[in-house]
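These notes are about the structure you will find just below.
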Amino acid sequence: MNRNGVVHQLIITADDYGMCPPVNRAIEACLAAGALRATCVMTNMPDYPDAAQLRRAFPQASIGIHWTLTLGRPAADPAQVPDLLAPDGQFWPAPELRRRWLARRIAPAQIETELRAQYDRFVAVAGQPDFWNTHQNVHVLPGLFALAVALARQLGIPAMRSHRRVTAPRNGSALMYHLTHPVYWLKGQMIARWVAAAARQGMRMPAGVVSTPGYGPGKAEVEQIVPRVPWPCYGPAELVIHPATQMVPELFGELTESRLREYEVFRDPALARRLAAAGVQTVGFEAVI
5 MNRNGVVHQL
15 IITADDYGMC
25 PPVNRAIEAC
35 LAAGALRATC
45 VMTNMPDYPD
55 AAQLRRAFPQ
65 ASIGIHWTLT
75 LGRPAADPAQ
85 VPDLLAPDGQ
95 FWPAPELRRR
105 WLARRIAPAQ
115 IETELRAQYD
125 RFVAVAGQPD
135 FWNTHQNVHV
145 LPGLFALAVA
155 LARQLGIPAM
165 RSHRRVTAPR
175 NGSALMYHLT
185 HPVYWLKGQM
195 IARWVAAAAR
205 QGMRMPAGVV
215 STPGYGPGKA
225 EVEQIVPRVP
235 WPCYGPAELV
245 IHPATQMVPE
255 LFGELTESRL
265 REYEVFRDPA
275 LARRLAAAGV
285 QTVGFEAVI
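Add 4 to a position in the sequence shown, counting from 1, and you land on the number used in the working numbering.
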């Protein structure tokens with residue numbers, strides 16, 4: 005509780021568990037430190053079996069599935085999902101997958117087949133997921149968003165990431181940022197409508213995800229970010245991080261140096277106490293389920 009008697013709830017989620025050992029070890033260290041209370045697993049990547057020990061080692065953490073369609077190889081039989089695969093047998097990168105989806109060159113049934121295969125792997129090692137989202141937010145497309153929501157409901161996954169934007173710019177107010185970036189605002193309005201439809205169908209979720217224009221990649225400046233957050237009046241906000249103990253450029257894309265910085269910040273055991281002193285309580289997805 006801060007000096008004004010206000011406590012805001014924040015779910016800090018580390019994406020990409022299972023991608024590689026440097027990511028797994030970083031997320032585990034951050035979970036042990038305490039401020040990080042959620043992570044999500046890429047079950048098509050080679051190191052996903054490490055997730056078998058997450059619930060035992062970190063009972064306070066929410067463990068979700070990070071459905072992946074843009075990195076690595078499929079969990080399903082490649083012959084069942086040919087539309088998703090480049091000639092080398094890997095998933096198409098995100099820009100190409102989005103282009104092909106919008107051009108209707110990807111069969112929705114193949115998307116569902118792959119997502120179900122990844123879910124089956126998750127259940128085999130870690131039980132039922134606490135929540136779901138997608139790598140590189142690839143489901144945030146017309147039609148694909150609704151497909152993923154419907155499948156998650158069928159599979160009984162109770163919660164998802166909310167893609168409503170809680171905008172915390174480095175400079176100026178959220179309102180001014182929206183006024184000067186109308187395309188950003190318009191896309192946010194469209195996504196908010198999709199999210200509202202998912203909520204009406206029973207999906208639970210945080211109030212929104214923190215967007216930090218002007219800070220560059222990563223959320224290592226978390227203690228500078230949280231005072232600028234226009235906190236939702238209902239439910240927690242979610243802050244997404246991607247820590248790693250060392251760089252693996254062929255996997256990390258644009259998020260390279262920022263992963264190392266996040267690892268250093270979020271593995272600090274004192275971070276949760278400092279956030280609490282600033283009026284921010286870190287929670288997991290139990291806060292929305």
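The beta-carbon is built from N, C-alpha and C at its ideal position, and this holds for glycine as well. All figures in this text were calculated on a predicted structure; none of them were measured in a lab.
Length at least 3, wholly inside the stretch 127-189: the beta strand (DSSP E) runs in chain order:
Whole beta strand (DSSP E) segments, 3+ residues: 136-138 and 169-171.
Is Ala-241 helix, strand or coil when you go by DSSP?
strand
Below 8 Å CB to CB, which residues in the same chain sit around Ala-37 once its five sequence neighbours on both sides are set aside?
Excluding residues within five positions, the ones whose Cβ falls inside 8 Å are Phe-270, Arg-271, Asp-272, Pro-273, Leu-275 and Ala-276.
Does the beta-carbon distance from Gly-222 to Arg-278 come in below 8 Å?
no
Between Thr-296 and Ala-18, how many whole angstroms is the CB-CB distance? I'm expecting something under 8 Å.
The structure shown does not extend to residue 296, since the chain is modelled only from 5 through 293, so no value can be given for it.
Among Arg-109, Arg-125 and Gln-94, which residue has its Cα nearest to the Cα of Leu-148?
It is Arg-109 whose Cα lies nearest to the Cα of Leu-148.
Using 10 angstroms around the beta-carbon of Glu-242, count the other beta-carbons present and answer buried if the total reaches 16, otherwise exposed.
buried
Given a threshold of 16 other Cβ atoms within 10 Å of its Cβ, counted over all protein chains shown, does Ile-16 qualify as buried or as exposed?
So Ile-16 counts as buried.
Neighbourhood of Pro-234 by C-beta distance below 6 Å, restricted to the same chain and skipping five residues each side:
Ala-178
Hey, how far is the Cα of Asn-6 from the Cα of Glu-268?
Residue confidence for Asn-6 is low, a pLDDT of 43 falling below 50, so the modelled location carries little weight and cannot support an answer.
Contacting residues, own chain, Cβ-Cβ under 8 Å from Gly-206 (five flanking each side not counted)
Arg-157
Spatial distance of Ile-67 from Gly-288 (CA atoms)
9 Å
From the DSSP output, in three-state form, read off Phe-62 for me.
coil
Are the Cβ atoms of Ala-200 and Val-27 separated by less than 8 Å?
Result no, Cβ atoms of Ala-200 and Val-27 do not sit closer than 8 Å.
Which term fits Arg-102, buried or exposed, when burial requires 16 or more other beta carbons within 10 angstroms of its beta carbon?
Arg-102 is buried by the Cβ-count criterion.
Taking just the CA atoms, how far does Trp-136 sit from Ala-121?
14 Å
On the CB-based measure, 16 or more other CB atoms within 10 Å of its CB, does Met-49 come out buried or exposed?
Buried: at least 16 other Cβ atoms inside 10 Å.
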